[in-house]
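Numbering (our numbering), first residue to last: 2 to 251. To start, the structure itself, in structure tokens.
See below:
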């Protein structure tokens with residue numbers, strides 16, 4: 002069974018003319034390479050769907066449906082975002098049953114992928130231990146082959162998470178990026194109207210401060226202070242206020 006046959010078999014609940022219509026959309030595609038004045042011969046596309054197509058993401062999600070069933074069989078919680086799947090387990094250092102389930106699950110996922118024209122990207126497979134430091138360290142000897150995936154921090158949907166969920170790495174990244182853009186905006190600000198300058202600040206600064214800002218709830222004031230200073234700097238830039246003058250942001 003080739004890739005497209007597998008794709009069509011995953012279109013659950015579809016039959017007759019609708020299924021044939023989708024089969025004709027997936028199969029029979031060709032591509033060629035153009036470089037300067039040179040054009041290659043046409044070649045068949047035996048894998049995948051048309052990039053940038055409206056149906057592409059939906060067809061990929063349908064193709065990946067069996068993955069969720071495999072994970073559920075191992076009693077592991079998970080979230081899937083397109084081609085990014087995150088697994089969650091709760092484990093005690095002296096009880097490794099959950100770790101064994103995770104190892105078995107990864108093995109089953111790898112096997113399913115190899116049989117369905119996919120490959121687990123081990124360079125992007127990461128394991129984050131969340132909890133008190135002493136419990137994390139006590140758990141390490143029980144991880145076995147999973148140790149190779151352990152990271153001090155991981156990125157989830159653009160948010161950097163670390164083992165104690167302090168969000169310090171994420172706040173540092175947001176701060177660094179925001180000040181970089183703020184300096185660039187300051188260079189062109191003399192040539193902009195105030196409304197245009199505000200648009201740039203909202204696009205490059207405010208958008209980063211607002212992204213997933215619900216995660217900042219309950220963090221120590223010291224952590225939030227860095228983000229507040231960015232707002233203050235942006236307000237001073239727009240109002241042309243000196244650094245030592247008091248600024249108030251709402």
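Cβ atoms here follow ideal geometry from the backbone N, Cα and C, with glycine treated the same way.
Asked	Found
Residue 97 versus residue 219 - alpha carbon distance	32 Å
Residue from 153, 156, 73 and 207 with nearest C-alpha to residue 178	207
Anticipated Cβ contact below 8 Å, residue 252 with residue 210, distance rounded	Because the chain is modelled from 2 through 251, residue 252 falls outside the range shown and cannot be assessed.
Local Cβ density within 10 Å of residue 131, reported as buried at 16 or more and exposed below that	exposed
Straight-line Cα distance separating residue 45 from residue 89	40 Å
The segment 104-123 in contact with the segment 65-79 per 3-pair CB rule at 8 Å	yes
Distance CB(residue 121)-CB(residue 111) smaller than 8 Å	yes
Residue 81 beta carbon less than 8 Å from that of residue 168	no
The segment 224-243 touching the segment 178-189, judged by at least three CB pairs closer than 8 Å	yes
Distance between residue 232 and residue 1 (C-alpha atoms, nearest Å)	The chain is shown from 2 up to 251; residue 1 falls before or after that span and cannot be answered.
Residue nearest to residue 52 in terms of C-alpha spacing, selected from 234, 197 and 26	26
Cβ-Cβ separation, residue 32 to residue 50 (assumed contact under 8 Å), whole Å	Not really, about 12 Å apart at Cβ, beyond 8 Å.
Inter-residue CB distance, residue 170 and residue 154 (contact presumed, cutoff 8 Å)	5 Å
Proximity of residue 16 and residue 87 at Cβ, strictly below 8 Å	no
Near the ligand FAD: residue 186 beta-carbon under 7 Å from a heavy atom	By its list of ligands, the structure shown contains no ligand whatsoever, and the ligand FAD lies outside what it can speak to.
CB contact flag (residue 164, residue 119, <8 Å)	no
Cβ-based neighbour list, residue 150, same chain, cut-off 6 Å, excluding 5 preceding and 5 following	126, 127 and 128
For residue 34 and residue 63, the rounded distance between their alpha carbons	29 Å
Close beta carbons around residue 57, own chain, < 7 Å, minus the five adjacent residues each side	50 and 51
Three-way DSSP call (helix, strand, coil) for residue 96 in this model	strand
Given residue 230 as reference, the closest of 213, 172, 204 and 67 once Cα atoms are compared	172
Residue from 102, 234 and 67 whose Cα sits closest to the Cα of residue 113	67
Every unbroken beta strand (DSSP E) within the segment 84-149, with a cutoff of 3 residues, ordered by chain	85-89
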